[in-house]
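Colleague: Quick one: this structure, given as structure tokens, is what I'll be asking you about.
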Amino acid sequence: MALLRSRYNYRPLGLLLLRLGIGFMFILHGWPKLAGGPEKWAQIGSSMEMFGVSFAPVFWGFMAGFAEAVGGFLLMIGLFFRPVCVLLFITMAVATTSHALSGDGFGGYSHAAEAAILFFSLIFIGPGKYSLDNALFPNKKDRNRYF
Numbered sequence: 137m138a139l140l141r142s143r144y145n146y147r148p149l150g151l152l153l154l155r156l157g158i159g160f161m162f163i164l165h166g167w168p169k170l171a172g173g174p175e176k177w178a179q180i181g182s183s184m185e186m187f188g189v190s191f192a193p194v195f196w197g198f199m200a201g202f203a204e205a206v207g208g209f210l211l212m213i214g215l216f217f218r219p220v221c222v223l224l225f226i227t228m229a230v231a232t233t234s235h236a237l238s239g240d241g242f243g244g245y246s247h248a249a250e251a252a253i254l255f256f257s258l259i260f261i262g263p264g265k266y267s268l269d270n271a272l273f274p275n276k277k278d279r280n281r282y283f
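Heads up: the sequence shown runs through residues 137 to 283, numbered per the working numbering.
Structure below.
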């Protein structure tokens, strides 16, 4: 089992697999929201009222679907990685709060909370060696020093 004794030589591959898997799942999770149209967007965007934001629920709902679907794709290819992770973190933080305050219980908000933790962590980790950010912006110092 060379893989288990590798001293983490496969970190770039592991990060790529994480990006591909989570990105694909968020495309599947966000596409129905994005394709749902203005009525669905308004329903989703109304959750911003709990933060005192009662204007433009259609916009906020669209942005949630966009962050998940398009953000998931960008996550997969590793392009604009940190801004995407920030958008996904915010989206999942709002979703966690929305589910928790509406009384859904731990089972209702745990997925969003776990995803928020994941995206917050990825902001610090970066996209890794096998990413478009790395290919397009190779001169950024320390971008992938460890990955």
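Positions of the beta carbon are idealized from the N, C-alpha and C atoms, including for glycine.
If you draw a straight line from the C-alpha of Met186 to the C-alpha of Gly214, how long is it?
Modeller: 32 Å
Colleague: How many Å lie between Lys176 and Ser234 at the Cα?
Modeller: 16 Å
Colleague: Classify Arg147 as helix, strand or coil using the three-state DSSP reduction.
Modeller: helix
Colleague: Going by other Cβ atoms of all chains shown within 10 Å of its Cβ, with 16 needed for buried, is Glu204 buried or exposed?
Modeller: buried
Colleague: Could you give the C-beta distance for Ala229 and Ala252, rounded to a whole number, given that I count them as a contact under 8 Å?
Modeller: 5 Å
Colleague: DSSP on Asp240, reduced to helix/strand/coil?
Modeller: coil
Colleague: For Ser238, count the other beta carbons within 10 Å of its own beta carbon; 16 or more makes it buried, fewer makes it exposed. Which is it?
Modeller: exposed
Colleague: Please report how far the alpha carbon of Phe217 lies from the alpha carbon of Gly181, in whole angstroms.
Modeller: 24 Å
Colleague: Since Pro284 and Ala178 should fall inside the 8 Å C-beta cutoff, what is the C-beta to C-beta distance between them, to a whole number of angstroms?
Modeller: With the chain covering 137 to 283 only, the question about residue 284 has no answer from this structure.
Colleague: Ends of the alpha helix (DSSP H) at Pro193?
Modeller: Pro193 to Ile213
Colleague: Let me make sure I understand the geometry here. Which of Lys265, Pro274, Gly241 and Val220 has the alpha-carbon closest to that of Leu254?
Modeller: Val220
Colleague: Starting from Leu140, trace the alpha helix (DSSP H) in both directions and tell me its first and last residue.
Modeller: Where Leu140 is concerned, there is no enclosing alpha helix (DSSP H), given that its DSSP letter is neither H nor E.
Colleague: My understanding is that Phe225 touches Ile261, with C-beta atoms under 8 Å, so please give their C-beta distance in whole angstroms.
Modeller: Actually they do not touch by this definition, with Cβ atoms about 13 Å apart.
Colleague: Identify whether Asn270 lies in helix, strand or coil by the three-state DSSP scheme.
Modeller: Asn270 falls in the helix class under three-state DSSP.
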